[in-house]
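Only one structure is covered here, and it is reproduced in the block below.
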Amino acid sequence: MDTFDKIKFGVIFLIFLIIIEAIILEITEGWDFFTSLYTSVVTISTVGYGDYTPKTFFGKLSIIIYIFLGVGTVAYTLSNLAAFIIEGHFRRYFRLKKMEEKLKKMENHYIICGCGRLGKIIIEELRKNKIPFVVIDKSEEQIKELIENDKNIVCIVGDATLDKTLIKAGIERARGLVSVVGSDAENVFITLSAKKLNPNIYIVAKADRPSTLDKLIKAGADRAVCPYVVGGMEIARIALNPDIIEFVHSLIASDEEDMEIRRFILKNPKLDKIKLKDSKIRELTGAIILAIKKENSMITSPPPDIELNIGDIIYAFGKREHLEKLKKYLEGE
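Note that the working numbering has the sequence shown beginning at 9, numbered continuously upward.
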């Protein structure tokens, strides 16, 4: 039971005691209910005006028991109220309420499970691209650190393997989920839970061991990544082709040009069975098509005469604004 629940319990029990004692005094002393209630409140507040005092044995006995219970309950409630204010629970409570309101309004967002070193990089990238997201982590300290850096960030302190935590994060309305928590077992479990709650959600999950990659895919992850394998391959590429890799990275990461490579799925029925040269993608969006994946075949540098079909996966290169136009065009928005 947290501090706020203890305060609620104390207040409810105190009201219950006052009403019960008022009823007992009404029966034993023959007073009307308002007078009995007045005496009950005056007694528990330790004011003790003395204008009404019990005369019967049972009335006096009830007052003795009532004082011990009432004073104890008041002390219990006030001590928790003090802790609530002194420990910052009051501010934390209203911050959580504000976050809950934000969560209810969020849709088409991403859920980031885990805010360790890898999670923070993902969070920063989503923030930079102005993509809405919710962060889930067991560690209150990690969440506190995120909030200190960004007061507007939406976070949940909780276990992402639990359905109730994912539901609180708006899993039914979410666009995607990234699971980068500590253990492979937890990432597999989060993937299973997420797919059960939202079969259409796009999931990317981390695997510390390469042997876990297949398990994550079977659990429902759309993509499974082993950072050590990817990092090792990247280091090898840089070592073998330093000039080329440096050129590509500088081109993509340029702050001035804001260049990116993105993956899209063709959904616009107007582009179905249309040749690439007739689609006017370059003219209308400014994006460059790098490759088109059709079923199990990847076509790089696609020729102008290639036919587009619904479901084709298209990899494109360009400025962020151009890629946003391409996304809307390919999805028929």
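Using N, Cα and C, we set each Cβ at its ideal position, and we do this for glycine too. Model, not experiment: these values are computed from the prediction.
The Cβ neighbour count for ASP145, taken over all protein chains shown within 10 Å, is at least 16; the residue is labelled buried. Straight across, the Cα-Cα distance linking LYS112 with SER48 is about 43 Å.
DSSP, read as helix, strand or coil, puts LEU298 in strand.
Taking the Cα of GLY124 as reference, the smallest distance to any Cα among VAL186, SER87, GLU109, TYR118 is reached at VAL186. THR54 sits exposed, since fewer than 16 C-beta atoms from the chains shown fall within 10 Å of its C-beta. The Cβ neighbour count for THR308, taken over all protein chains shown within 10 Å, is under 16; the residue is labelled exposed. Take the alpha-carbon of ILE209 and the one of PHE17: they are about 40 Å apart. Fully contained in the stretch 127-168 are the following beta strand (DSSP E) runs of length 3 or more, in chain order: 141-145, 163-165.
Residues of the same chain with a CB within less than 7 Å of the CB of ILE139, apart from the 5 flanking positions on each side, are TYR118 in chain order.
Assignment of LEU185 by DSSP, reduced to helix, strand and coil, places it in the strand class.
Counting along the chain, GLY326 sits inside no alpha helix (DSSP H); it lies in the beta strand (DSSP E) bounded by residues 321-327. Around ILE52, the same chain offers GLY78 as residues with beta carbons nearer than 6 Å, after the five sequence neighbours per side are excluded.
In the structure shown, MET107 falls within a helical segment according to DSSP collapsed to helix, strand and coil. Cβ atoms of VAL212 and LEU126 stay farther apart than 8 Å, at about 11 Å. In this structure, the beta-carbon distance from ILE321 to LYS301 falls below 7 Å.
DSSP places SER201 in no beta strand (DSSP E) but in the uninterrupted alpha helix (DSSP H) bounded by 192-205. One Cα belongs to GLY80, the other to ASP40, and the distance between them is close to 27 Å. Between the alpha carbons of ALA215 and PRO235 lies a distance of about 7 Å. According to the DSSP assignment, SER305 belongs to the beta strand (DSSP E) that extends over 305-308.
By the Cβ neighbour-count rule, ASP192 is buried, with 16 or more other Cβ atoms within 10 Å of its own. In this structure, the beta-carbon distance from PHE325 to ILE296 falls below 7 Å.
Nearest neighbour of LEU224 by Cα position, chosen from ILE318, ILE198, VAL238, turns out to be ILE198.
Taking a contact as a CB-CB distance under 8 Å, the pair LEU331 and GLU268 counts as one, their CB atoms being some 6 Å apart.
Around the Cβ of TYR337, a 10 Å sphere holds 16 or more other Cβ atoms; the residue is buried. Distance between ASN304 and ALA227, taken at the CA atoms: about 22 Å. The alpha-carbon of ALA168 is positioned some 12 Å away from that of GLY190.
In this structure THR85 is in contact with LEU22, their Cβ atoms being roughly 6 Å apart against a cut-off of 8 Å. Here the C-alpha atom of ILE130 lies approximately 23 Å from the C-alpha atom of ASP222. A straight-line Cα-Cα distance of about 21 Å links GLY340 and PRO312. Under DSSP, the beta-bridge partners assigned to VAL212 are VAL186, ARG231. Within its own chain, the residues whose Cβ lies closer than 7 Å to the Cβ of ALA182, once the five positions on either side in sequence are excluded, are HIS117, TYR118, ILE119, ASN206, ILE209, listed in chain order. Of the candidates ALA177, LEU170, ASP171, LYS172, ALA177 places its Cα closest to the Cα of CYS163.
DSSP, read as helix, strand or coil, puts TYR118 in strand.
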